[in-house]
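One structure is given below, encoded as structure tokens.
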Amino acid sequence: MSLDALRETLPAYAKDLSLNLSTLAGETLLTDQQKWGCFVASAHAIGVPAVVKACEAAAAEAGLSEEAKTGAKAAAAIMGMNNVYYRSLHIMQNAEYRTLPARLRMSIIANPGVEKLDFELWSLAVSAINGCGMCIDAHEVELKKHGMANTAIQAALRIASVVNAVSRVVAGEAAAA
């Protein structure tokens with residue numbers, strides 16, 4: 002399924018999402034690898050099959066390498082774990098837990114197999130979807146250290162937001178059918 006085919010499955014009440022999806026597919030503030038990696042990471046973070054397939058197809062058509070696709074999926078996977086853990090530490094009243102070592106394996110973060118900047122951007126997008134403020138802040142700091150513009154960071158957040166909303170609509174419509 003292509004992004005255009007996915008857009009056509011969206012109901013009329015989700016027209017804004019359809020238009021935003023189209024606009025973001027043409028986003029130029031990010032490199033193609035950054036942009037399509039955000040689409041793939043965001044889709045995998047949510048896991049709605051039709052959206053995952055459409056984002057992966059669009060990314061492949063745009064030339065996203067297998068290494069970058071794997072890196073984006075790895076960002077979704079590791080943030081799926083980290084976002085729950087660190088969000089929990091952040092909201093727990095007992096600060097003692099924040100002093101304990103995480104004792105979770107996270108080696109993919111140090112060696113993601115793609116440009117570190119791109120992996121950080123994809124991790125930020127997934128962290129936004131998963132609602133982890135600590136992780137969002139940590140990834141944004143790393144991106145800014147490497148000179149990424151606010152508008153580029155915002156573009157990744159916009160992609161995550163739209164892919165999330167489209168996924169929710171597709172899942173809701175499937176549940177109602």
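Quick note on my numbering: the sequence shown kicks off at 2 and runs consecutively.
For every residue, glycine included, the Cβ atom is placed at its ideal position computed from N, Cα and C.
Q: State whether the stretch 112-122 contacts the stretch 146-165, with contact taken as three or more CB pairs (one from each stretch) at a distance under 8 Å.
A: yes
Q) Start and end of the alpha helix (DSSP H) containing residue 10? A) 4-10
Q: Measure the alpha-carbon distance for residue 77 versus residue 172 and round it to whole angstroms.
A: 19 Å
Q. Counting Cβ pairs, one atom from each stretch, are 3 or more of them under 8 Å apart for the stretch 87-95 and the stretch 126-140?
A. As far as the Cβ criterion goes, the stretch 87-95 touches the stretch 126-140, which means the pair count is three or higher.
Q) From which residue to which residue does the alpha helix (DSSP H) around residue 56 run? A) 50-62
Q: Note down, one range per segment and in chain order, each alpha helix (DSSP H) of at least 4 residues found wholly within the stretch 63-92.
A: The stretch 63-92 contains these whole alpha helix (DSSP H) runs: 67-92.
Q. If you pair each beta-carbon of the stretch 156-172 with each one of the stretch 100-114, do three or more pairs fall below 8 Å?
A. no
Q.
Is the beta carbon of residue 18 closer than 7 Å to that of residue 167?
A. Yes, these two residues count as a Cβ contact at 7 Å.
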